[in-house]
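J.: If you scroll down you'll find the structure; I have some questions about it.
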Amino acid sequence: YAHEGAAWLTFALALATAMLSFIFSGQTLRDPRLAQLRGLAWIWSAQNFVLALAVYNRLGIYIGFNGMTRMRIVGIFGMTAVVVGFILVLRKIAKNRSFAWLVRGHLLTVAVAVYLFALTPLDAIVCRYNTRRILAGDLKPSVQITEHPINAEGILALRPLLECDDPIIREGVRALLAQRDQEA
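When we follow the numbering used here, the leftmost residue of the sequence shown carries the number 17, and every step to the right adds one.
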């Protein structure tokens with residue numbers, strides 16, 4: 017996510033959000049050509065929503081290629097927060113809201129995103145998803161089991177892999193579960 021372009025696309029959307037917010041403030045709101053500027057802003061906004069769809073698509077490609085990770089979930093949360101922030105900027109423009117209103121909205125968006133992220137059982141989601149894919153015959157997500165730390169909620173989701181047709185995965189998971197059992 018961070019190295020292959022989705023982070024840069026997210027940054028571009030965040031930058032567009034900041035630019036639109038900056039453009040539609042102060043003296044600009046009293047300019048007689050404001051209606052034309054709004055028209056251009058709506059066109060640019062439509063392009064930015066296409067950009068947002070491209071970021072979600074790119075994240076989907078990563079997940080589809082080799083499985084789910086914690087960072088991909090972070091990417092989904094982060095991108096969604098950026099999209100909500102962009103929508104807030106559009107509401108600010110459409111309703112002539114103040115900059116203080118926008119800042120409050122952005123702070124609330126970040127607070128809700130952090131709160132929901134804190135409640136999200138990341139490893140359980142990651143391991144359940146990857147386990148389903150492995151059991152369906154797609155072995156690429158198995159690398160996520162060996163390359164990322166897994167907490168207790170994720171370890172429980174790996175148990176179905178003890179029935180995996182691939183002996184390397186089956187025995188590797190058996191060894192991982194035995195090691196975690198001894199550590200406990």
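Where is the CB? At the ideal position from N, CA and C, for every residue including glycine.
Are alanine 68 and phenylalanine 40 close, meaning C-beta to C-beta below 9 Å?
T.: No, the pair does not count as a contact, with Cβ atoms beyond the cut-off.
J.: Excluding the 5 residues flanking alanine 30 on each side, which residues of the same chain have their C-beta closer than 7 Å to its C-beta?
T.: Cβ within range, chain order: Val98.
J.: Is cysteine 143 helix, strand or coil by DSSP?
T.: In the structure shown, cysteine 143 sits in a helix (DSSP, three-state: H, G or I).
J.: Check each candidate in Lys108, Pro183, Ser61 and Gly91 and name the one with the smallest Cα separation from alanine 129.
T.: It is Gly91 whose Cα lies nearest to the Cα of alanine 129.
J.: So, do the segment 105 to 115 and the segment 68 to 87 have three or more beta carbon pairs nearer to each other than 8 Å?
T.: In short, these stretches do not touch, since the Cβ pair count stays below three.
J.: Straight-line CA distance for arginine 46 to arginine 120?
T.: Going by the C-alpha atoms only, they are around 23 Å apart.
J.: Specify, as a first and last residue, the run of the alpha helix (DSSP H) that asparagine 64 falls within.
T.: Residues 50 to 82.
J.: Checking 9 Å against the spacing of the C-beta atoms, do leucine 36 and tryptophan 60 come in under that value?
T.: Yes.
J.: Out of Thr125, Asn167, Lys108 and Glu199, which has the shortest C-alpha to C-alpha gap to glycine 42?
T.: The option with the nearest alpha carbon to glycine 42 is Lys108.
J.: Proline 165 by DSSP, collapsed to three states: which one?
T.: Looking at proline 165 - three-state DSSP - the assignment turns out to be coil, as it is neither helix nor strand.
J.: Per DSSP, what kind of secondary structure is tyrosine 17 in: helix, strand or coil?
T.: Annotation note: pLDDT 43 at tyrosine 17 (below 50); position unreliable, coordinate value reported separately. The answer is coil: DSSP assigns tyrosine 17 none of H, G, I, E or B.
J.: By how many angstroms is the C-alpha of arginine 175 removed from the C-alpha of valine 189?
T.: Straight-line Cα distance between these residues: approximately 8 Å.
J.: With respect to the alpha helix (DSSP H) encompassing lysine 111, which residues constitute its N-terminal and C-terminal limits?
T.: First-last of the alpha helix (DSSP H) with lysine 111: 86 to 111.
J.: Could you pull the start and end residues of the alpha helix (DSSP H) that arginine 120 belongs to?
T.: Segment 115 to 135, the alpha helix (DSSP H) holding arginine 120.
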